[in-house]
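Asks: Under the numbering used here, the residues of the sequence shown are numbered 49 to 167, in order. C-beta atoms are modelled at their ideal positions from N, C-alpha and C, and glycine is treated no differently. None of the values given here were measured: they were computed from a predicted structure. Dropping the structure in here first, questions after.
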Amino acid sequence: QKIVAARFLVDGKPVSAPIALRDCATGCVKGLSAETVIATVRAVSSDAPGTHEFSVEATQADGQKVLATGNFEVVPFTAALGPKVKNIIILLGDGMGASQRTAARIVHGYAQGKALRPL
């Protein structure tokens, strides 16, 4: 079923920003169904420290709703750690290929070409 609407929520509250839906008929990874849809929201911020729940509720063409949730953490910074953070990009992936595992290892730390700890 094709996604016809999407809604983003943070801690159960709807995100009040425009949501864009783009179909995957062209320009997406090969092998995806032509009914695949990309839902995006931009210019959303949260400065409340702590762990938060991020949810996406998608409505299919037949009226069924699908919900996916995940967590993110906002860590408060003090002036001693540097200037105020202006932009944070959250990437949500649907798989763990070689590129994603390499990126995760880099985030966890690298020394002399080896990961400092397992993923």
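Counting C-beta neighbours from all protein chains within 10 Å, is the total for Val-104 16 or more, i.e. buried, or is it exposed?
Replies: Val-104 comes out buried.
Asks: So who's on the other strand from Asn-119, going by DSSP bridges?
Replies: Glu-101
Asks: Could you name the residues of the same chain whose beta carbon sits closer than 8 Å to that of Asp-110, not counting the 5 residues immediately before and after it, in chain order?
Replies: Gln-49
Asks: Can you grab the Cα-Cα spacing for the pair Val-133 / Ala-91, in whole Å?
Replies: 14 Å
Asks: Taking Val-84 as part of the beta strand (DSSP E), name the residues at either end of that continuous run.
Replies: According to the sequence shown, residue 84 is Thr rather than Val. No beta strand (DSSP E) holds Thr-84; DSSP gives it neither H nor E.
Asks: For Ala-82, which residues in the same chain have their Cβ closer than 6 Å to its Cβ, ignoring the five residues on either side in sequence?
Replies: Cβ neighbours of Ala-82 beyond the five flanking positions: Ala-73.
Asks: Which first and last residues belong to the beta strand (DSSP E) in which Ala-54 is found?
Replies: 51-58
Asks: Going by the DSSP bridge assignment, what does Asp-71 pair with across the sheet?
Replies: Note: Asp-71 is bridge-paired with Val-85 in the DSSP secondary-structure output.
Asks: Assuming Ile-138 and Phe-120 make a contact with CB atoms under 8 Å, what is their CB distance in whole Å?
Replies: 6 Å
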